[in-house]
Each structure stands twice: as structure tokens, then as C-alpha cells.
Amino acid sequence: MARRAAIIIILHLLGVTARLFVAATSQHRDRESLCESRQTCASCLQTPGCIWCSMTIPEQSMNAPFLRCMSEQLYSKKLNLWCDPLAVVQHENTMEVLENQRLSSAKGRDPVQIQPQRIKLRLRAGEDYRITVKYSQAEDYPVDLYYLMDLSASMEPYRNKLSKLGLQLAQAMQKLTSNFRIGFGSFVDKVVLPMTSTQPDKLKSPCILKTGEPCATPYDYKNQMPLTENIALFEDRVQTAPVSGNLDGPEGGLDALMQVIVCTIEIGWREKARHLIVFSTDAIFHIAGDGKLAGIVEPNDCKCHLDEKGFYTYSLLQDYPSISQLNKKAREHNMNIIFAVPDHKNATYQRLSNSISGSSTGTLENGSQNVVALVSSEYEKLVDSVTMIDTAPNMIDVKYFSRCLNKTGELLERQECGGLRVGNIIEFEVVLKVTECPKDPKDWYQTMEIKPRGLKESLTIELEMICDCSCEKPGHPGYQLNAVQCKGKGTSVCGVCACNPGFYGKQCECEGNNDKSISMTDCKPDNETTEICSGHGTCKCGICDCDKRPNNPQELFYGKYCQCDNFSCKRSGGQVCGGRGKCECGTCNCLPGWGGETCDCKETNSTCIPPTGKNIEICSGRGNCICGSCHCHERDNIRYSGQYCEECPTCSGQRCEELKDCVECVAYNTGPLATNGKCDLCMHEIDIIDTVEEDPVKDEETGARICRTPGDAGCTFVFKYQYHRAGTGGDIKIFKIQAQKERACPTPVNIFGVALGVVISTVIIGFLILLIWKILTIIHDKREYTKFEKERALAKWDRGENPLYKQATSTFCNPTFKGNAGI
């Protein structure tokens, strides 16, 4: 049996090795085909792992096929046999460090928290390039805190309390940093209907305060006090800030927040300081589009519009800002926003916080009593962790990897590290990749920043994308007008002829639109191949003119011999490459973050790491991360499960199934052991108690386990057990079990009662329906009869004559005789 098992294992390993070899060979072949299909130097260099030969081929040798674009692996084998080394165009990724000051946090000097500070990169498309960025938290880093408060009438109690907490707030922040400044501003809403009443008396005083005094004239936003170190002035300005009111429920807080962010000079934000904004309100907010209710349709321009007194002057000229505008400006100005709101508004502002980078929410207790603790705790969370962000454009993919404080741990993909203290140095490995070359050459030069969220300091990257070849530019020796090898009818560009208008062919030897083939040999990769242009095109003057699919013109063949296409890759979900990549010569070129044959595998392992807890191993160290999901191991007949392989129902210490029959028999005299009369086989000590209580701390220390298992008759019972290792073998021995006295059993159903109830209910409901129908019928008939009697009483029966009937006698009147004469 052992020999047979060994043979099976060996055959299995051989099979795996063969599959890996075939996969590697197939991948190499695909790479070769991808390089060979490129017909220009620029397209060759934009393909990862490909190089170009710009050598001029002698005219007598031009009839033989010559491969211009080749993979680096194949070139390393052929070297000079393929191309003159001086004519090989092989650009490599390069980095030049322009500024690299050491990390420092000495008092009295500007701290350096990120290293290096400026670099210059030249990158090819599709290739990863790694750089290392270091971060260290500076000691006593400057802090600017601006308190932005809603001063509508309902916020008056908060204002009065805040004015008394100014000194406490400053003292709490000065424990964290001695370089601290504070400012204050207030807001209500736009002074226009329907936001604010425009009646003359309401424009003077829209409300009455609790003290009986009229409130101040309404306004949108006012910078009450720029950032200053004068704490006493802060208390005075808060206490004297005017409380006003508005008409509708939402406030103009986003108007005010935009002005606080962008008015750098007016507010007094320092460039090298942490910027904190405490946004305090008890109401919801107006958003972009609400201004249309007042006829304000001009979008917010995200610029500063404060007058000399600090009032916002464009309140009636432009709409409220959108959330995306606030998010963009908060990132640009390194703002950290704390939404301090009452508990009943916390959910609304939590959703807003999720949409604004660097923001958080906190519950504001009645009277602002906890504002000091709230600001201090949020600031400590801010400085105790670092999150790396960037300003990379769409064509550049950026990934972050770090070990955080665990220098010997595994390098994991993540942007955030926590638990930092002054002196800790965190290293991030940043992987940059140019996903595609922009069409406009001006966009090949980009400047981007990588920086910790909320800080001004950053690593500035001057990035140049390698998207073309120098031999494609006029003035280079590889750029020859009316070249001999192009028969004087075209330009030699990197060794390939770019024909003048009216000519085509490998040497521009074809004129006009002549479809007659000159050399079929040039349309075949070798003499052994019988198909012209791989059967997918027409040979025109020695060049393959590839076909397009008639049903879908977007599906086409390409390559020197039409050997490639963009539609024959494997599909996933009915789409080529799963809709997450491009099909290039039968191989899926996946978008950043995706991989696999059909681009349906996530290339990140962050989804395989438990989000919380001390365990930061991939799949809890019990499985492999494949396509972004954990595939758990099975070892020694132990099968792990769960999203992160964290569950193990059959592991040692999970003995509920083993003990439940014994506990059920002894405690309740039920179960399979009670049926067989084998309760005496239960050798464990079982105590029956009223309630089994769960104490996580104590249970952790004693190794106790809680079991809730189903038993006979659908009943569920609870018990707790403890174990220890004893004996020479160290076997686990159960020494104490506590079982709950009462079981949770479902109440038996009274079938007869249910049936009787259904019958009686049906009869009663039927009788009620008939009764209602009868009553409605009587009412309807009575109304109809009354209507009939009324119409009959009003009817008039008059006698009339038929106008067509003539009587037999006629009567005439003689004017001279008073009597009548009848005929």
C-alpha cells in the first residue's frame, strides 16, 4: 500500500510539472506571437518584453522574411545572429533621484517625513516598476484647527458651551503638539427664498432666542476669526458670534465648508501643518442642485469669495458645491474634516464622510461637552496611522505593498499602516505601471505625487512614458527621406518603409491600388506553409491585407501574416476576456488588477486577509489566495473553511459534537445514549446549573468552550466544558462540564385546536361577508326605490293632439255675424 501511494504521488507531481511546463511554453509562444505581430517600432516598444531591429536590410536580401520585433528572451539566445547591436532599439525603465533628504523631525527645523522627495522615471507601457518610499512621523508637527459651526437658533446651547471650552480644547491639543493654532467660522444659509424668509421684518431678525432677544440678521457664511494662537480671542469670538435663523430644514454648511477649504490666505492655513476642520451642526445640508429652487443655476466655481469682513459674497450668485467638488478640494488642500453632529444625524454624515477623503464623524453630545475628547481622539487616530494616496492619471496604475511595523512579515498589498509612534519608519513598495500610451504625445509627460493623506509633504514623480522610438523622428540616422531601400518613393523609418501617397508595398514598389500579387512568398511565414496570409487575408504586392469579420467589423485579423486576431480569446460571462481585458493574438491582455486566461482572477491578495484582528496572514495561514478568494487546505483529515479559512469545526478543542450525546443523556435523560441505556458510560463530571453564563475573558484564560446544540424533539440545550492535557501522551481529558437545567423546546402544536379554529374562522368570515353583502344590497335597493318615487312624483302627464289628424268638421267665423256657422 505504501509503495502504491508513493507511485501515485510521484505520478501526480509529474503531471503537475508537465502542466506547468506546458503553461510556461504556451505563455512564451504567445509572447513571441505578440511581438512578431508588431509592424512599427512604436507599437513594438509599447508591447511589454519586445525589442525592435532598425537595421537596414540589403536589397538582395529583402525578399527573405525578416523579423523586426522580437521578444527579449528570444533575443538573448540569438544576439548578433538576428540584428546588429547598434541597431537594436531596446529601451529599459530608468529612475533618477533628484531630491533625497533624510527623514528628520528635529524641533525648530522643517520636518522631513517622506523620502525620497523627487524622482524622474522613464517607463515602458505594460511593465511594472517598483520604487521604495519611506515614511516617519515627525515629532511636534504643527496643527491648524478651524471650528466651523452652524449658528442657526437651534445651535445656541452648543455655542455657549463651546465658548467656555476654548481653553480646554487648546490645552488638550497642546499636549499633542506645542505648535497649535485655532480659528472659528459660522454659517446659516443662503438669504433667499425658500431657504430664508425675505419679509422685511424677517430679514432684520428671523427668530427669537430662548432669552427672548431677537436673533441677528441672516447670512450664509462668515469667517469669524482666522487661525491664531490667541485662545482668549477664540473664546470671545465664539461667544459674540451672531445666532440667526433660516426657513427650511437643511443648512448651507457645504457653502461654508468649500470656502474654509479654498480660502487659504483668508483662513490662514500654513503650508506645512496638519489641517483640521471641525464641522458642527444639528441639521442636514443643501447640496448641488438645491440652488435651482431659488433660481440660482450657476455651478459652484470652487474659488474663494470672502470680503474684508469675512462674509461669503457669492452666496446668491452660484449654487451649493457638490460632494465630489468638496472631495477634490479636500484632497488638494490636505484637509482632515471631523463632522461633529448629534446622534440622530450621525448616519447622514457618515455617508457624507464615506464620500470625502480624509474625513470622519463623531457624536456631539448635548451642549458640546465632549468636543475636546472628540477632537483629541480623532487627531490621535489621524497621527497613529498613515495612508498613502496619489494623484496618478488614469493611464498609470499604482499599487502599494508594505510590511508596516512587522519587518520580518510578509509583504502585503495595502495602503494603510497603523499603530505608529514617533521614530517608527514605514517602508512602502510602490508598483507603477503605464497601462497604455496616450494618443496625444503631450500626455506622455506627466507629473504626479505620492504622499501621506492629510500632509503637504510628498514624493513628486516626473514621469516620461516611452511610447515611441528616436529613429522615428526627423534628423535621426534611422529616418531617411526617399530612401534607396524604399526605391526612392518612401521614407525609411526605423528600417521599415513608410511609402509616399500613391505607393505601397514592402519597398514601396507597388503603385496606386493594384491588387495583383507580386510575391506570394512574402505573405507566408515559411515555404512549408501553404496558406497565404494564414487564410485570413489577401496578398497585395507582397503584403497581407487582413480580412475583417463581416458580422462584426470590430473583430479583425492582424499581424504580418494575419496570424493574429482580437476575438478568439477565451470567454467568461459571455464576453471576450471577461470584459476586463483586450484580446491580443489569442491571449488576454488584462486590465490592471486582473489576471488569468479570461481575466476573471483578481491579482490582489488583500481580499484574502482578515479585515480585523491580530492575524494578518493570507487565508489565516491555512490556504492559498487564488483569484482573490481563499482555497483552504486539508491536512491530517482537518478541513478548514470560512472566507479566510478561519473556521475549523473538527479541530481539537471543538468537541461539542463529541460530548453532546453524553450531556443530553445525563442532564435530560434523552438522546441516543438514553435510548440504549448507556448513560453510565459517560465518565465526565457533569454539573446541572440554572444558567450557563458566558465570560469571554475568564473563558479565554481557562480554555472553556460554550456549546449550543440541537437534541431530541427539536430541543436545543447549552453546556460549557473545560479540558486539559494529562497523562504521558498528553491526551486531552475533559474534567468539568456544566449543563443548563432547562432546554429550549418548541411549543407543541395543538392540531385539533388549529383545525377547529380554522373551521370556525372560515364560518364566521363567510357569515360576515354574506351579512355585509346583504346590508349593501338593501341600502342600494332603498336608494334606487327612493329615486324612482321622486321621479314619479315629478312627472306631468298632459293631453295633446296629433298634428297629422284632421277633424271631420271645420268652423269658420263670419265677421258680419256674431254667431258661428257650421258646415
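First residue of the sequence shown? That's 25 in this note's numbering, and the numbers climb one at a time after it. Cβ coordinates follow ideal geometry from the N, Cα and C atoms, glycine included.
Per DSSP, what kind of secondary structure is residue i in: helix, strand or coil?
{"i": "Lys-548", "result": "coil"}
{"i": "Cys-706", "result": "coil"}
{"i": "Arg-294", "result": "coil"}
{"i": "Asp-467", "result": "helix"}
{"i": "Met-419", "result": "coil"}
{"i": "Asp-314", "result": "helix"}
{"i": "Asn-430", "result": "coil"}
{"i": "Thr-810", "result": "helix"}
{"i": "Gln-70", "result": "coil"}
{"i": "Phe-167", "result": "The sequence given here has Val at residue 167, not Phe. Val-167 falls in the strand class under three-state DSSP."}
{"i": "Lys-214", "result": "coil"}
{"i": "His-655", "result": "strand"}
{"i": "Arg-729", "result": "strand"}
{"i": "Gln-223", "result": "coil"}
{"i": "Cys-686", "result": "helix"}
{"i": "Asp-714", "result": "coil"}
{"i": "Thr-840", "result": "coil"}
{"i": "Leu-794", "result": "helix"}
{"i": "Ala-817", "result": "helix"}
Could you give the distance in angstroms between the alpha-carbon of residue i and the alpha-carbon of residue j?
{"i": "Asp-805", "j": "Thr-786", "result": "28 Å"}
{"i": "Leu-278", "j": "Tyr-165", "result": "28 Å"}
{"i": "Pro-498", "j": "Thr-515", "result": "10 Å"}
{"i": "Cys-586", "j": "Glu-579", "result": "13 Å"}
{"i": "Gly-502", "j": "Leu-483", "result": "38 Å"}
{"i": "Gln-137", "j": "Val-321", "result": "44 Å"}
{"i": "Leu-271", "j": "Pro-218", "result": "7 Å"}
{"i": "Thr-220", "j": "Gly-269", "result": "8 Å"}
{"i": "Met-249", "j": "Tyr-171", "result": "10 Å"}
{"i": "Gly-273", "j": "Pro-323", "result": "22 Å"}
{"i": "Tyr-159", "j": "Leu-127", "result": "8 Å"}
{"i": "Thr-471", "j": "Leu-487", "result": "6 Å"}
{"i": "Tyr-182", "j": "Glu-453", "result": "46 Å"}
{"i": "Tyr-809", "j": "Ala-817", "result": "12 Å"}
{"i": "Arg-729", "j": "Leu-697", "result": "22 Å"}
{"i": "Glu-290", "j": "Asp-325", "result": "17 Å"}
{"i": "Gln-374", "j": "Cys-77", "result": "58 Å"}
{"i": "Asp-492", "j": "Lys-405", "result": "47 Å"}
{"i": "Gln-97", "j": "Val-167", "result": "54 Å"}
Tell me which same chain residues have a C-beta within less than 8 Å of the C-beta of residue i, skipping the five on either side of it?
{"i": "Val-520", "result": "Gln-63, Thr-64, Cys-65 and Arg-92"}
{"i": "Lys-333", "result": "Lys-246"}
{"i": "Arg-573", "result": "Glu-579, Leu-580 and Phe-591"}
{"i": "Ile-380", "result": "Ile-347, Leu-350, Asn-351, Ala-354 and Ile-361"}
{"i": "Met-79", "result": "Cys-107, Asp-108, Ala-111 and Gly-519"}
{"i": "Cys-239", "result": "Ala-177, Ser-229, Pro-230, Cys-231, Ile-232, Leu-233, Pro-266, Val-267, Ser-268 and Gly-269"}
Spell out the partners DSSP gives residue i in its beta bridges.
{"i": "Phe-527", "result": "Glu-535"}
{"i": "Pro-734", "result": "Thr-740"}
{"i": "Val-455", "result": "Arg-154 and Lys-423"}
{"i": "Ile-413", "result": "Lys-475"}
{"i": "Asp-569", "result": "Thr-562"}
{"i": "Thr-553", "result": "According to DSSP, which records beta bridges pairwise, Thr-553 is partnered with nothing at all."}
{"i": "Met-489", "result": "Leu-147"}
{"i": "Cys-77", "result": "Val-112"}
{"i": "Tyr-745", "result": "Arg-729 and Ile-761"}
{"i": "Ser-176", "result": "Ser-268"}
{"i": "Thr-387", "result": "Val-365"}
{"i": "Arg-205", "result": "Asp-168"}
Which same chain residues end up closer than 6 Å to residue i when comparing Cβ atoms and leaving out the 5 residues on each side of it in sequence?
{"i": "Thr-631", "result": "Gly-652"}
{"i": "Val-455", "result": "Asp-152, Arg-154 and Lys-423"}
{"i": "Val-197", "result": "Val is not the amino acid found at residue 197; the sequence shown has Met there. The answer, listed in chain order, is Phe-204."}
{"i": "Ala-507", "result": "Ser-516"}
{"i": "Tyr-469", "result": "Glu-488"}
Using a Cβ-Cβ cutoff of less than 7 Å, which residues in the same chain neighbour residue i once the five nearest sequence positions on both sides are dropped?
{"i": "Gly-561", "result": "Cys-568, Asp-569, Cys-570, Asp-571, Phe-581 and Cys-586"}
{"i": "Ala-779", "result": "none"}
Is any beta-carbon of chain D found at less than 7 Å from that of residue i?
{"i": "His-329", "result": "In the structure shown, chain D cannot be found, because there is only a single protein chain."}
Between residue i and the ligand FMN, is there a pair consisting of the residue's CB and a ligand heavy atom that are separated by less than 6 Å?
{"i": "Cys-588", "result": "Only the bare structure without any ligand can be found here, which leaves the ligand FMN out of the picture."}
Along the chain, which unbroken stretches of the beta strand (DSSP E) at least 3 residues long are found entirely within the region 233 to 299?
245 to 252
Where in the region 91 to 165 do unbroken runs of the beta strand (DSSP E), each at least 3 residues long, occur, reported from the N-terminal end onward?
Listed in chain order, they are 93 to 95, 118 to 123, 142 to 148 and 153 to 160.
What beta strand (DSSP E) runs, 3 residues minimum, are completely inside the region 492 to 524?
For the region 492 to 524, whole beta strand (DSSP E) runs of length 3 or above, ordered along the chain, are 514 to 517 and 520 to 523.
Where in the region 572 to 653 do unbroken runs of the beta strand (DSSP E), each at least 3 residues long, occur, reported from the N-terminal end onward?
605 to 608, 611 to 614 and 647 to 650
3-residue-minimum beta strand (DSSP E) runs that sit fully inside the region 297 to 379, ordered along the chain
298 to 304 and 359 to 365
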